[in-house]
Amino acid sequence: MTQSTMKLPTNALLDAMASKTRHVFITGASRGIGEATARLLADKNVHMTLAARSYNRLLGVCMDVGVEKSHAVKLDLVEEQSIDDAITTAESKFGPIDVLICNAGIHEDTPLSDVSAQGRARFRRVIEVNLVGTYFLAQLASLHMRPGGRIIFIGSVLSRVGAPQVNAYAASKHALMGLTRSMALELAPRNIRVNSVNPTWVDTDMARAAINRRAEKTGESVSDVAAKYIGRQPIRRMVKPLEVASYIEFLMGPGGDAITGQGIDISCGMVSP
Numbered sequence: 204m205t206q207s208t209m210k211l212p213t214n215a216l217l218d219a220m221a222s223k224t225r226h227v228f229i230t231g232a233s234r235g236i237g238e239a240t241a242r243l244l245a246d247k248n249v250h251m252t253l254a255a256r257s258y259n260r261l262l263g264v265c266m267d268v269g270v271e272k273s274h275a276v277k278l279d280l281v282e283e284q285s286i287d288d289a290i291t292t293a294e295s296k297f298g299p300i301d302v303l304i305c306n307a308g309i310h311e312d313t314p315l316s317d318v319s320a321q322g323r324a325r326f327r328r329v330i331e332v333n334l335v336g337t338y339f340l341a342q343l344a345s346l347h348m349r350p351g352g353r354i355i356f357i358g359s360v361l362s363r364v365g366a367p368q369v370n371a372y373a374a375s376k377h378a379l380m381g382l383t384r385s386m387a388l389e390l391a392p393r394n395i396r397v398n399s400v401n402p403t404w405v406d407t408d409m410a411r412a413a414i415n416r417r418a419e420k421t422g423e424s425v426s427d428v429a430a431k432y433i434g435r436q437p438i439r440r441m442v443k444p445l446e447v448a449s450y451i452e453f454l455m456g457p458g459g460d461a462i463t464g465q466g467i468d469i470s471c472g473m474v475s476p
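Residue numbers (our numbering): 204 to 476.
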């Protein structure tokens, strides 16, 4: 019998990787899932770069989680210079990024019937933020990422299924799963894991705004629209931001070391094999 010559990490090496202070970069950190993740990690052995367009609100989150371990950077994923500057500033403050959490995104209605210039601009904007800018950010962060690093995309139940009226959003989230699988293969030789967390409706400002827009368009009450969306799920409730943050924390830790190229569905039963 031929013995394998593959070298596996020793327990001491794994312990050292887990115990060192890691640099975590979170986009969309001023509210929702990003803010919940920052607060969950506040007492962990990490330094955090918190990024968002809403800089003033972001400063408040930094104050809450601790200014000695967090740093706020303004980030607009539509602007390539903003992406470059955010990564440069983060790495100069806390060193190479060990965990990138790509949470920032936008949701706008893009129905097939809207062929106006404004409708086409909305489609492009959703793709630019949710896919193109997110990819450029992950691309830059990966360049100096050390072995044991993590890239975690926040997808959606619409990474798995379609829905009417939100063509750009569904396309962008499906594309994130393609990025997850491809980047996982490309970065595996460097011992970097890439995964996606795909929740259904999360109780955030973005979800409530989407429900309000649909209510305005249809003339239905906000509560009726919300009940209609939630009613499609076997478990009829919204996901809490902290629940998503808990899965992110799991993927960051030792339990996520053998997981890469995967989409973790938090769909309240809406997605099944």
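Note that CB positions come from ideal geometry on N, CA and C, so glycine has one too.
For residue i versus residue j, is the C-beta distance shorter than 8 Å?
i      : j      : result
Ser406 : Lys376 : With the sequence shown as reference, residue 406 is identified as Asp, and Ser is not the correct amino acid for it. The answer is no: Cβ separation not under 8 Å.
Asn415 : Ile355 : no
Val227 : Val302 : yes
Ala412 : Trp404 : no
Thr313 : Ala371 : yes
Ser362 : Met386 : no
Leu346 : Asp287 : no
Ile469 : Pro402 : yes
Thr463 : Arg396 : yes
Val332 : Val281 : yes
Ala289 : Ile300 : no
Leu278 : Cys305 : no
Among the residues of its own chain, which have a CB less than 7 Å from the CB of residue i, if the five just before and after it don't count?
i      : result
Thr224 : Asn248, Val249, His250
Ala448 : Ile236, Ala239, Thr240, Leu243
Lys233 : With the sequence shown as reference, residue 233 is identified as Ser, and Lys is not the correct amino acid for it. Here the set comprises Ala255, Ser257, Arg260, Leu261, Val264.
Ala373 : Leu361, Gly365, Ala366
Using 10 angstroms around the beta-carbon of residue i, count the other beta-carbons present and answer buried if the total reaches 16, otherwise exposed.
i      : result
Arg323 : exposed
Gly459 : buried
Leu315 : exposed
Leu388 : exposed
Thr230 : buried
Gly456 : exposed
Arg359 : It should be pointed out that residue 359 corresponds to Ser in this sequence rather than to Arg. It counts as buried.
Ala461 : exposed
Could you pull the start and end residues of the alpha helix (DSSP H) that residue i belongs to?
i      : result
Val268 : 258-268
Leu380 : The residue asked about is misnamed: residue 380 is Met in this sequence, not Leu. Its alpha helix (DSSP H) spans residues 370-390.
Asn248 : Here Asn248 belongs to no alpha helix (DSSP H), and DSSP marks it neither H nor E.
Gly235 : 235-243
Asp427 : 425-433
Pro457 : Here Pro457 belongs to no alpha helix (DSSP H), and DSSP marks it neither H nor E.
Arg417 : 408-421
Arg325 : 320-330
Asp312 : Here Asp312 belongs to no alpha helix (DSSP H), and DSSP marks it neither H nor E.
Ser345 : 337-346
Apart from the five residues on each side of it in sequence, which residues of its chain come closer than 6 Å, Cβ to Cβ, to residue i?
i      : result
Tyr450 : Val400, Ile467
Ile433 : Arg439
His274 : Thr252, Lys296
Phe326 : Thr313, Ala371
Leu445 : Ala239
Please report the residue range of the beta strand (DSSP E) in which residue i lies.
i      : result
Thr230 : 225-230
Lys272 : Per DSSP, Lys272 belongs to no beta strand (DSSP E) and is neither H nor E.
Leu303 : 302-305
Ser285 : Per DSSP, Ser285 belongs to no beta strand (DSSP E); it is in the alpha helix (DSSP H), 283-297.
Leaving out five residues before and five after residue i in sequence, what residues of the same chain have Cβ atoms less than 8 Å from its Cβ?
i      : result
Pro437 : Cys471, Gly472, Met473
Between residue i and the ligand HEM, is there a pair consisting of the residue's CB and a ligand heavy atom that are separated by less than 7 Å?
i      : result
Pro299 : Summarising the ligand content, the structure contains no ligands, and the ligand HEM is consequently not present.
For the stretch 255-272 and the stretch 330-350, state whether three or more C-beta atom pairs, one from each stretch, are separated by less than 8 Å. no
Cβ contact check for the stretch 360-379 and the stretch 344-352: 3 or more pairs under 8 Å: With the rule of 3 Cβ pairs closer than 8 Å, the stretch 360-379 does not count as touching the stretch 344-352.
Pairing CB atoms from the stretch 416-434 with CB atoms from the stretch 246-259, are three or more of them under 8 Å? no
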